[in-house]
Amino acid sequence: ADRVKEVHVLFNNNRSNYAVVNGLQMGQLLDLGLPSPESIPSPAPDAEQTELPFGGSPRGRPKAEA
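Taking my numbering, I'd label the letters of the sequence shown as residues 1186 to 1251.
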């Protein structure tokens, strides 16, 4: 670790609030002074995604042309 200038980390967690919580956990491990992961509210258990911001279908596939 003392021979590199940068380290890039990728979290593969796209469910619930895991990306934010895991990022804050990593920040704690690195002593970055970030808020505690426990400060992040849990999402509603029955929350339903009703819209995709990129115009895809609910399954992530492009909409079929008419």
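Positions of the beta carbon are idealized from the N, C-alpha and C atoms, including for glycine.
All of these numbers come straight from a predicted model, not from anything done at the bench.
In angstroms, rounded to a whole number, what distance separates the CA positions of residue i and residue j?
{"i": "P1238", "j": "V1189", "result": "37 Å"}
{"i": "Q1210", "j": "S1201", "result": "15 Å"}
{"i": "N1197", "j": "A1204", "result": "8 Å"}
{"i": "G1218", "j": "P1230", "result": "29 Å"}
{"i": "N1199", "j": "D1216", "result": "24 Å"}
{"i": "G1208", "j": "E1233", "result": "24 Å"}
{"i": "S1224", "j": "Q1213", "result": "13 Å"}
Do the CB positions of residue i and residue j come within less than 8 Å of each other?
{"i": "P1226", "j": "V1206", "result": "no"}
Indicate the three-state DSSP secondary structure (helix, strand or coil) for residue i in the structure shown.
{"i": "V1205", "result": "helix"}
{"i": "L1214", "result": "helix"}
{"i": "E1236", "result": "coil"}
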